[in-house]
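Just so you know, the sequence shown maps onto residues -12 to 535 in my numbering.
Virtual Cβ for every residue (Gly too), placed ideally from N, Cα, C.
Notes for the one structure printed next.
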Amino acid sequence: MLPIDSPECLSLGDSLPPGDPHAVSVCLPKWADSVGWVTKEPRVVDAMRTGYPRFFIPRAVERLAVIIMQCHASNGGATNTNTEDDQFLVLPSRRYATLAHRFLYDEHQEGTSDSITTLRVRWNGLVRVTDAPGSDGDGPPCGTEDIFIVSFPKELLLAAKAFWQHTGFGISSRRATFWSECAPILSESHSSTSLQNDAATARAELQARMASGHSSEGFQVNPRDVFLYPTGMAAITEAAIAVQSVQNQTPRVVAVFGFLYVDTFKTLSRILGYSTTVYNYHPGEIDKLEAALTNGNLTLSALFTEFPGNPLLQSPYLSRLHTLSTQHNFLLIVDDTLSSYPNVSLLPECDLICTSLTKLFSGKSNVMGGSVIISPTSRYSSHLHAVLTDNHDPATWFPSDVITMERNSRDFPARAHRASFTADKLVSLLRAHPAVEEVYYPKGSPTQDIYAQHRRPNGGWGHILSIRFKEASKAVVFHDGLDVAKGPSLGTNFTLASPYAVLAHWGEREWAAGYGVVEHLVRISVGLEGEEWVLGRVKRALEEVEAA
């Protein structure tokens, strides 16, 4: 059975996978649809019934906030808010709400602190301003984790959406749906404690699964050093916050090595206020970094990198970066989402690994999650464990999301190997085509030898590739003629294509192009359909390119 039957029949705005209320991607079948989404073209915006949850606040979350605020107001509740035009962020913990409140206050140039209010919403229906006196009482055993609503004036909406997108701290659609259907204030339904118990078991299984996957002979990862978060960006943000405590340096400076995912850069710089120095994959850049560290012109708290990078799939010289981190006392933090532990072994040469579990680890594109794993050989391991433990709140990842992730990921290594095998075959096909300028993929790239140093004996080269055509117009023809699912995200069990720079860097296209991420780049995340299915559809799209 195919992951998605007849993806060419999907329409603009359909969820990916189709019909799933918790889907984390959305169908953008034509290049013009992706452009229309980032430019807020009404034709596209009006068709969007869902979207990637960090870019598109789930409808269930929006409805929950409105219903709670209406119920609270009808009961005579005070919020300190001053206008009916106020907007809301819904967050799963007091700490996340405090960070959001502080960020919005810093962004609010003309207002006062009274225009931003944080409300604590208890399962039993009690809603209080967080600094209000009095006891909040106790809720029933299931769903007792509070949610927090940050109310703010509409002129801060863009800043609030940036916080939601860059940090990944917002509540999930499953939590919102559960509250709407089961909270006493909103429903007559009753819940049971089994959800909490099942989630605790699933959480422990996930920690053990990832610890085992990252372990090897003579290198054992303890499950207690696997920290789980509601999204991949929440994991990266928490790792970056931990750096502040471990290093405690002023000014706070981090380096970014390679062209990192856009939200990683923005959570470091905009949300957390790090001074950020960027180095690309050019061979001379690591020499430049070493020189700046050696002569004292640069003192780092941490260096963030991806292995390999997204979307150009180049691999940083990890062993050399690790040596520099040891010599110059900074943390080395690696995002391995695009390679993952069935293919490569990276943890021995860094301090932390961050992973978006939303991607191929889950595969089903219906749940968000992230992880931070501490290397047992990191000299900061004890301090990192203490800081991450102090900051960690298991309740931020909703129980049914945890359970779904555990179930989805049971066959992760087999799926990773299958998708990598097909991607390797697809790369060979594309590189042989005269219309293709370059195919970005770890195998055959200038950094192939670096990837190979960390590749496991039976590991693959990954399931992600990007294509640059000799003529920009051919990229549009290929994309529109490719009969696979198309939309944001990657690592789905179904093959998924997107115009990466359009969706991720539309407002900074020239800047991205300076790093090789050109506007007319097509990224393909290869799924589980198999070699014949995937290559057959790509061949037909290439035939359209030839005919254009």
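Check your understanding: Taking buried to mean at least 16 other C-beta atoms within 10 Å of its own C-beta, is Ala401 buried or exposed?
Key -> If you draw a 10 Å sphere on the C-beta of Ala401, you find fewer than 16 other C-beta atoms in it, and that means exposed.
Review point. Just checking my contact of Leu15 with Leu91 at CB under 8 Å: how many whole Å lie between their CB atoms?
Key: So it is not a contact: roughly 30 Å between Cβ atoms.
Check your understanding: When the distance is taken between beta carbons, is Ser(-2) closer than 8 Å to Thr37?
Key -> For Thr37 and Ser(-2), no; Cβs fall outside 8 Å.
Check your understanding: Can you tell me where the beta strand (DSSP E) with Asp33 in it begins and where it stops?
Key -> No beta strand (DSSP E) contains Asp33, which DSSP labels as neither H nor E.
Review point. Under a three-way DSSP split, which group does Ser12 fall into?
Key: In the structure shown, Ser12 sits in a strand (DSSP, three-state: E or B).
Review point. In the structure shown, what three-state DSSP assignment does Gly121 receive?
Key: Note that Gly121 scores 44 on pLDDT, short of 50, meaning its location in the model is unreliable and no value can be drawn from it.
Check your understanding: Could you give the distance in angstroms between the alpha-carbon of Glu518 and the alpha-carbon of Arg366?
Key -> Going from the Cα of Glu518 to the Cα of Arg366 covers about 44 Å.
Point to revise | Nearest-angstrom Cα separation, counted from Arg107 out to Thr117 | key: About 6 Å.
Check your understanding: When the Cα atoms are used, what is the spatial distance from Asn267 to Gly245?
Key -> Their Cα atoms are separated by approximately 4 Å.
Review point. Per DSSP, Val426 forms a beta bridge with which residues?
Key: Ile454, per the DSSP bridge assignment.
**Study point:** Beta-carbon contacts of Val464 that lie in its chain and below 7 Å, excluding the five residues immediately before and after
**Key:** The beta carbon of Val464 is closer than 7 Å to those of Glu531, Val532 and Ala535 in its chain, skipping five residues each way along the sequence.
**Study point:** Reference Leu287, options Arg239, Ser256 and Leu86, closest by Cα
**Key:** Looking at Arg239, Ser256 and Leu86, the one whose alpha-carbon comes closest to that of Leu287 is Arg239.
Check your understanding: How is Glu272 classed by DSSP in three states: helix, strand or coil?
Key -> Here Glu272 sits in helix by DSSP.
Review point. Taking the Cβ atom as the reference point for each residue, do Thr324 and Lys346 lie within a distance shorter than 8 Å?
Key: Contact flag set, yes.
**Study point:** Under 8 Å between C-beta atoms of Phe291 and Ile320
**Key:** Closer than 8 Å, so yes.
**Study point:** DSSP-derived helix/strand/coil call for Pro(-6)
**Key:** For Pro(-6), the secondary structure class from DSSP, reduced to helix, strand or coil, is helix.
Check your understanding: From the DSSP output, which residues share a beta bridge with Lys473?
Key -> Lys473 pairs with Ala484.
Check your understanding: DSSP puts Ala242 in a beta bridge; with which residues?
Key -> DSSP output for Ala242 lists Thr264 and Leu290 as bridge partner(s).
Exercise for review: Could you check what DSSP says for Ser21 in three-state terms: helix, strand or coil?
Suggested key: Per DSSP, reduced to three states, the secondary structure at Ser21 is helical.
Review point. Is the Cβ-Cβ distance between Ala222 and Gly357 less than 8 Å?
Key: Against a cut-off of 8 Å, the Cβ pair of Gly357 and Ala222 comes out as a contact.
Check your understanding: Are Ser432 and Gln301 close, meaning C-beta to C-beta below 8 Å?
Key -> A Cβ-Cβ contact shorter than 8 Å links Ser432 with Gln301.
Point to revise | Range covered by the beta strand (DSSP E) that runs through Tyr216 | key: Bounds of the beta strand (DSSP E) holding Tyr216 are Val213 to Tyr216.
**Study point:** Bridge-paired residues (DSSP) for Gly357
**Key:** Beta-bridge pairing links Gly357 to Tyr216 and Ser343.
Exercise for review: Pull up the distance between the alpha-carbon of Tyr328 and that of Ala198, whole angstroms please.
Suggested key: Approximately 10 Å between the Cα atoms of the pair.
Point to revise | Proximity below 8 Å, CB of Ser512 to CB of Gly478 | key: In contact: Ser512 and Gly478 (Cβ atoms closer than 8 Å).
Check your understanding: Once you ignore the five residues that flank Trp384 on each side, which residues in its own chain have a CB closer than 7 Å to its CB?
Key -> Leaving aside the five residues that flank Trp384 on each side, the residues in its chain whose CB is nearer than 7 Å to its CB run, in chain order, Leu215, Tyr216, Pro217 and Gly356.
Practice item. Closer than 7 Å by C-beta to Val426: which residues in its own chain qualify, once you throw out the five before and the five after it? Chain order, please. Key: Excluding sequence positions up to five before and after Val426, its CB lies within less than 7 Å of the CB of Val414, Leu417, Arg418, Leu452 and Ile454, all in the same chain and listed in chain order.
Review point. Hey, how far is the Cα of Ala232 from the Cα of His370?
Key: Reading the sequence as shown, one finds Ser at residue 232 and not Ala. Cα-Cα distance, rounded: 9 Å.
Review point. Which class does Ser365 belong to by DSSP, given the choice of helix, strand or coil?
Key: Three-state DSSP puts Ser365 in coil, outside helix and strand.
Practice item. Count the other C-beta atoms from every protein chain shown that fall within 10 angstroms of the C-beta of Lys526, then say buried if there are 16 or more, exposed otherwise. Key: Within 10 angstroms of the beta-carbon of Lys526 lie fewer than 16 other beta-carbons, which makes it exposed.
Point to revise | Identified DSSP bridge partners for Thr281 | key: Answer is none; Thr281 lacks a bridge partner.
Check your understanding: In or out: Thr254 buried (at least 16 other Cβ within 10 Å) or exposed?
Key -> Buried: at least 16 other Cβ atoms inside 10 Å.
Exercise for review: Using 10 angstroms around the beta-carbon of Pro45, count the other beta-carbons present and answer buried if the total reaches 16, otherwise exposed.
Suggested key: Burial call: buried.
Practice item. Put Ala408 into one of helix, strand or coil per three-state DSSP. Key: The residue you asked about is not Ala; residue 408 is Phe in the sequence shown. Note: Phe408 maps to helix in three-state DSSP.
Review point. Which residue comes first and which comes last in the beta strand (DSSP E) that contains Val548?
Key: Because residue 548 is not part of the residues shown, which for the chain are -12 to 535, the question remains open.
Check your understanding: Between His404 and the rest of its own chain, which residues show a CB-CB distance below 7 Å, the 5 nearest in sequence each way excluded?
Key -> Closer than 7 Å at Cβ, skipping near neighbours: Pro329 and Gly447.
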